[in-house]
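Engineer: With the sequence shown counted from 1, adding 1181 to any position gets you my numbering.
Can you read through this structure? Questions will come right after.
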Amino acid sequence: MPAMSRTDAINAIAKNLPRLREDELATLVAVTTAWAQPERTVSLTPAERDAVERSRKDFAAGRTLTLDEAEARTDEYLAARRAARNGE
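So, in structure tokens, the structure goes:
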């Protein structure tokens, strides 16, 4: 679908409204209401805030992983979790 102006998008939606079923209208209302809400904030626990701060410091200091390193660590972690779950 080609890009359209805000006015064209609103007009296209308005044109289609009469053809929508009641359940489709309800879904459209729910989606647009959710999208129109002010930006939501996430509540973090103190431990989560600390982890975010540590991550910011790590990035600032250049302490990062390559994709291959991150995948290897994730694979190791998941393998250990599976082993623990299976009693190994």
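Each residue gets a CB set at the ideal place from its N, CA and C atoms; glycine is no exception.
Bear in mind the structure is a predicted one, so any value in this text is a computation, not a measurement.
Fully enclosed by the segment 1190–1248, which beta strand (DSSP E) runs are 3 residues long or longer?
Structural biologist: Correct list: empty.
Engineer: What's the gap between the Cα of Glu-1257 and the Cα of Asp-1204?
Structural biologist: Their backbone Cα atoms lie some 46 Å apart in a straight line.
Engineer: State yes or no: is the C-beta of Thr-1247 within less than 9 Å of the C-beta of Asp-1239?
Structural biologist: No; because the gap between Cβ atoms is not below 9 Å, this pair is not in contact.
Engineer: Would Ala-1193 pass as a contact of Met-1185 if the rule is Cβ separation under 9 Å?
Structural biologist: Going by C-beta atoms, Ala-1193 is nearer than 9 Å to Met-1185.
Engineer: Should Val-1233 and Leu-1225 be called a contact, given that it needs their Cβ atoms to be closer than 9 Å?
Structural biologist: The answer is yes: Cβ separation under 9 Å.
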